[in-house]
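K.L.:
Have a look at this one.
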Amino acid sequence: MFQRLFGRERKNRTITDALYAEIVAAARQPWFYSEWEAPDTPLGRFEMLSLHMFLFQHRMHDETGASREIAQTLIDDFFADVEQSLRDLGIGDMGVPKRMKKLARMHYGRTAAYADALERGDKAALAAALERNIRPDSMPWPQAESLAAYVIEADKALAAQSSESILSGTIRFPAAA
């Protein structure tokens with residue numbers, strides 16, 4: 056029995072690691088930073104990773120069973136990664152919990168705004184939310200329209216991918232260019 060349990064955990068870890076690597080790779084596409092001028096800073100990279108994590112979670116929202124477990128594991132991995140990044144930046148043990156709470160609020164606030172705009176099919180509202188969150192110091196940000204179009208395309212592309220494919224550890228985001 057223990058082998059079955061540990062075997063399943065190891066298999067799920069392989070799947071979630073592969074999915075998380077795809078999400079990170081999508082968030083780090085150079086086009087976002089070079090052409091669309093997303094800030095290539097720790098906070099800017101957090102924003103882009105948070106956006107792609109949102110896209111994955113949005114795709115998995117209505118799933119059940121193993122899909123739901125994998126979605127939860129990935130969000131846990133995302134926040135563990137964010138916490139490790141804070142520590143790598145030199146934030147001490149006393150400061151990490153406060154910053155993690157702030158970053159979690161930021162993530163969930165953004166995901167609510169992005170989900171609302173996507174579900175209403177409101178590209179302008181999505182672009183405004185992206186601009187407000189990714190480039191708050193550089194408004195106006197004309198590239199927000201292009202990023203909003205990418206988000207809409209990515210949402211459709213992820214929706215078209217089968218649950219079986221995702222459960223096997225494969226997810227594909229469109230190219231940003």
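The numbering of the sequence shown is this note's numbering, which starts it at 56 and goes up by one.
Idealized CB from N, CA, C, for every residue including glycine.
Every value quoted in this text rests on a predicted model; they were computed, and no experiment measured them.
1. Assuming ILE189 is part of the alpha helix (DSSP H), what are its boundary residues?
2. Taking buried to mean at least 16 other C-beta atoms within 10 Å of its own C-beta, is ARG114 buried or exposed?
3. How big is the Cα-Cα spacing for ALA230 and GLY224?
4. Determine the closest residue to ALA215 out of PHE228, LEU74, TYR205, with distance taken between C-alpha atoms.
5. Which residue from THR71, ILE130, ALA199 puts its Cα closest to that of ALA180?
6. Whole angstroms are fine: how far does the CA of PHE109 sit from the CA of TYR163?
7. Could you tell me the alpha carbon to alpha carbon distance between PHE111 and ALA232, rounded to whole angstroms?
8. Whole angstroms are fine: how far does the CA of LEU144 sit from the CA of GLU138?
9. Can you list, in chain order, the residues of its chain with a C-beta nearer than 8 Å to that of GLU186? Leave out the 5 residues immediately preceding and following it.
10. Quick one: what does DSSP say ALA93 is sitting in, helix, strand or coil?
11. Out of PRO97, ILE226, SER201, state which residue places its alpha-carbon closest to the alpha-carbon of ALA212.
12. Taking the alpha helix (DSSP H) that ASP131 belongs to, which residues open and close that run?
13. Here's the rule I'm using: 16 or more other beta-carbon atoms within 10 Å means buried, otherwise exposed. How should SER105 be labelled?
14. Look at the alpha carbon of ASP148 and the alpha carbon of LYS178, and state the distance between them as a whole number of angstroms.
15. In chain order, what residues of the same chain lie with their CB nearer than 8 Å to the CB of GLY154, ignoring the 5 residues before and after it?
P.N.:
Taking the coordinates as given:
1. For the purposes of this step, residue 189 is taken as the residue at position 134 of the sequence shown. Run containing ILE189: 178-189, per the alpha helix (DSSP H) assignment.
2. Reading the sequence shown from its first residue, position 59 is the one you call residue 114. Classification of ARG114: buried, given that the 10 Å Cβ count is 16 or more.
3. Taking the first residue of the sequence shown as 1, we reach residue 230 at position 175. Taking the first residue of the sequence shown as 1, we reach residue 224 at position 169. Approximately 19 Å, taken between the alpha carbons.
4. Start at 1 with the first residue of the sequence shown, and residue 215 comes out as number 160. It is PHE228 whose Cα lies nearest to the Cα of ALA215.
5. Indexing the sequence shown from 1 puts residue 180 at position 125. Of THR71, ILE130, ALA199, the residue nearest in Cα terms is ALA199.
6. Residue 163 sits at position 108 when you count from the first residue of the sequence shown. Residue 109 sits at position 54 when you count from the first residue of the sequence shown. Spanning the two alpha carbons is a distance of roughly 9 Å.
7. Residue mapping note: residue 111 aligns to position 56 of the sequence shown, counting from 1. Residue mapping note: residue 232 aligns to position 177 of the sequence shown, counting from 1. Their backbone Cα atoms lie some 20 Å apart in a straight line.
8. By one-based count along the sequence shown, residue 138 stands at place 83. By one-based count along the sequence shown, residue 144 stands at place 89. Distance between the alpha carbons of GLU138 and LEU144 is about 10 Å.
9. As a first step, residue 186 is located in the sequence shown; it is residue number 131 there, counting from the start. Here the set comprises MET194, PRO195, TRP196, ALA199.
10. Along the sequence shown, read from residue 1 onward, the residue named residue 93 stands at position 38. If DSSP states are grouped into helix, strand and coil, ALA93 belongs with coil.
11. In the sequence shown, counting from the first residue as 1, residue 212 sits at position 157. Out of PRO97, ILE226, SER201, ILE226 has the C-alpha closest to the C-alpha of ALA212.
12. By one-based count along the sequence shown, residue 131 stands at place 76. Here the alpha helix (DSSP H) through ASP131 covers 121-143.
13. Your numbering for residue 105 matches position 50 in the sequence shown. SER105 is buried by the Cβ-count criterion.
14. As a working mapping, residue 148 is identified with position 93 in the sequence shown. As a working mapping, residue 178 is identified with position 123 in the sequence shown. For ASP148 and LYS178, the distance between alpha carbons rounds to 40 Å.
15. For the purposes of this step, residue 154 is taken as residue 99 along the sequence shown, with counting starting at 1. Checking the sequence, you will find Arg at residue 154 rather than Gly. Around ARG154: LEU141, ILE146.
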